[in-house]
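J.: Got a structure for you, written out below as structure tokens; questions coming shortly.
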Amino acid sequence: MHFILPLLLVFANTGQAPSHLEGAVEVYHCAFDESRDVNYDAWPDEWTRRTGDGYPAYLKIEIVDEPSPESVRSLQVRLDGGAAAVYTDPIRVAWMFGYVVDVWVKTESLKHDSVFISANVVDAKDTPLQTFHSRAIRQTDGWQRLRLGPFEFDDEKADRMVLGLHVVPGSRADLAGRVLFGGIWVGRVPRLSMTLNQPRKVYLIPAEVELAANVAGIDARTKQIDFEAVDILGNVIAAETVPLELEPAFAHGELTLDPTLREHPPMLGKATWKPALNEPGYYRLTAALRAPDGTTYRRHVALAIIEPVPVPSDGEFGWSFTAQPAGIPLRELAFLIANSGVSWVKYPVWIDDQTPADATNDLADFISRLVAQGIMVVGELCAPPSSVLDVFGHGTPPLAAEVFSAEPETWYPSVEWTLSRFGTLVNWWQVGHDHDTSFVGYPHVVDRLAQIKKTLDKVVYDVRLGMAWNWLAAPPDDEGKKVWRFLSYTADPPLTASELEAYVPHVRSPQHQTWTSIDPLDRDGYPLEIRVRDLVERMMAAKIHGAD
């Protein structure tokens, strides 16, 4: 059996922007010059600071004569235990725009504290609406630009925004060191959003893709939007320029007092595109909005088109999960799996009598949908419910060997509850997830697994039990007792195709099945072609040399 761990694609900005966001219009700038401190008290006018529990008033915070790349002076925080939070004067905003905040930061001698910025949005009555946070940083090599955004507001009542400059301790607080906040810059950009007619972003052939683009904060001189679709290799598959349907953002006489909006009042726009995408594949759709000054604003959305295939009756390939993927409801996940061509799925299945009924029912519906499609489910006993976690009392979830080494009354009631609910749907069970090899090197591992199986057999007759095992460790020998039906092999770092050719024949056993867990290469470290080729080569090597 071959299990592939699905990739969660995470996009992160790891580089420092050399300048402000292209096309952003400045709405606020603080350089800590004399205009920001008219009474010469070394404190920015109209700014506030937080004091109270954890925020000592004795921390010295003041404007100092130290320039940053975008300010003649800076705001200095001298550390001496505790946290610091400083808030700007209110900045007027409008819901129709996106906003970006740039703050120059320099830290010295920080060991525990970290620095981040926040944007706190309120309505005209000062009712809090939303709060945005930047990433946190600790050590800087000189001045470093810390960016928040671009971000957009969910509520049309957004009226003002207050920025927060934060220095917070970690497990301990720094008693020395300092943080300097330099130039603060806020810009606005048009708001451009894209919506597909298929929320799950996965289409079955024949695909009828429809993309809706909604624009706000542009002026009437922006009359069209450019759409483009590229495949996984970057080839342009479809492209079209579509006119925008425009309407004023404000009713006559309602225009905001913002002087930058008077010459060219803001407009709302929308456009729809139906690209001809009929081949299976992964596509990236782009909407590009060109402003009168030549600046181009872009937004992207990805989708997949798949050709439905029946589940192989004797298929050997599957997907392995350690948790529910973020943002994907179980019903949607079942749809994706059922149309992926896999025959097996490993998924955490462990509840107790305190598990909410909705969560239990959703899990049962998920498993039932897979089973109805002919997909075999392997229940992973890898995410203990609260009744088990409370016994161990530490923040890190315990590994399988730790859980099942405890007295049976610690884990058996919840496992009994789980098997009673799912035993008729799930025939295969694994203690721990695919990377939990905690039973490797465990004293008397055969006896321990035999005891676990005997206990589970009280609920479901002859449970098909298995566990993860390390390729580099000699497999245990149960002397034909069939304590486990499979061993799921893994390694960190994963074995190469040539290594699998050598290892698989040596671990095969007539007493149990040999399963392999294959992780794709890191997407950040390897180009796509290399990752695909490597994955296929390892799958073929495992299969050719005898993995089940």
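So for the sequence shown, our numbering puts the first residue at 20; every next one is plus one.
All residues carry an ideal CB built from backbone N, CA and C; glycine is no exception.
1) In terms of residues, what are the limits of the alpha helix (DSSP H) holding residue 563?
2) Determine which residues share a DSSP beta bridge with residue 149 and list them.
3) Nearest to residue 92 by CA position, among 79, 243 and 54, is which residue?
4) Hey, out of 329, 351, 164 and 229, whose CA is closest to residue 219's CA?
5) Could you check which residue in 371, 381 and 428 has the C-alpha nearest to that of residue 405?
6) Pick helix, strand or coil for residue 523, following the three-state DSSP scheme.
7) Does the beta carbon of residue 117 come closer than 7 Å to any beta carbon on chain C?
8) Threshold first: 3 residues or longer. Then list the beta strand (DSSP E) segments lying entirely within the segment 191–265, N to C.
9) If you run the structure through DSSP and keep just helix, strand and coil, what is residue 350?
10) Just verifying my parser: in three-state terms, what is the DSSP assignment at residue 423?
11) Give the secondary structure of residue 570 by DSSP, where H, G and I count as helix, E and B as strand, and everything else as coil.
12) So who's on the other strand from residue 286, going by DSSP bridges?
13) Here's the rule I'm using: 16 or more other beta-carbon atoms within 10 Å means buried, otherwise exposed. How should residue 150 be labelled?
14) With a Cβ-Cβ cutoff of 7 Å, do residue 296 and residue 325 count as a contact?
15) Quick check: the segment 381–389 against the segment 453–464, are at least 3 beta-carbon pairs closer than 8 Å?
16) Looking at C-beta atoms only, is the number of pairs between the segment 175–192 and the segment 99–114 that lie closer than 8 Å three or more?
17) For residue 488 and residue 494, which I take to be in contact (beta-carbon distance under 8 Å), what is that distance rounded to the nearest angstrom?
18) So residue 125 packs on residue 159, CB below 8 Å; how close in whole Å?
19) Taking the DSSP output, what are the residues bridged to residue 121?
20) Buried or exposed, going by whether 16 or more other CB atoms sit within 10 Å of the CB of residue 285?
21) For residue 207 and residue 43, which I take to be in contact (beta-carbon distance under 8 Å), what is that distance rounded to the nearest angstrom?
22) What residue from 98, 358 and 176 has the CA that sits closest to residue 391's CA?
23) In whole angstroms, give me the CA-to-CA distance for residue 243 and residue 304.
24) Do you know offhand how far residue 532's Cα is from residue 519's?
25) Could you give the residue range of the beta strand (DSSP E) that holds residue 336?
26) So, using beta-carbon positions, are residue 119 and residue 88 closer together than 7 Å?
27) Can you tell me which of the three DSSP states residue 530 falls into?
28) With burial defined as no fewer than 16 other Cβ atoms inside 10 Å of the residue's Cβ, what is the status of residue 328: buried or exposed?
29) Taking all protein chains shown into account, do 16 or more other C-beta atoms lie within 10 angstroms of the C-beta of residue 313, making it buried, or fewer, making it exposed?
30) Residue 499 and residue 530: beta carbons closer than 7 Å?
31) Which residue from 253, 212, 239 and 449 puts its Cα closest to that of residue 231?
32) Are the segment 135–145 and the segment 222–240 in contact at 8 Å, needing three or more beta carbon pairs?
33) Where does residue 201 land, buried or exposed, given buried means 16+ other C-beta within 10 angstroms?
34) Going by the beta-carbon positions, is the gap between residue 193 and residue 132 smaller than 7 Å?
35) Does the Cβ-Cβ distance between residue 128 and residue 196 come in under 7 Å?
36) What ranges does the beta strand (DSSP E) occupy inside the segment 461–524, keeping only unbroken runs of at least 3 residues that lie completely in it?
T.: Per the coordinate set shown:
1) 547–563
2) 140
3) 54
4) 351
5) 371
6) helix
7) Although the question refers to chain C, the structure presented lacks it and comprises just one protein chain.
8) 197–215, 221–223, 230–237, 243–249 and 255–262
9) helix
10) helix
11) Past the boundaries of the shown model lies residue 570; the chain is included only from 20 to 567, so the question cannot be answered.
12) 237 and 267
13) exposed
14) no
15) no
16) yes
17) 6 Å
18) 6 Å
19) 166 and 204
20) buried
21) 6 Å
22) 358
23) 16 Å
24) 16 Å
25) 336–339
26) no
27) coil
28) exposed
29) exposed
30) yes
31) 212
32) no
33) buried
34) yes
35) yes
36) 483–489 and 505–509
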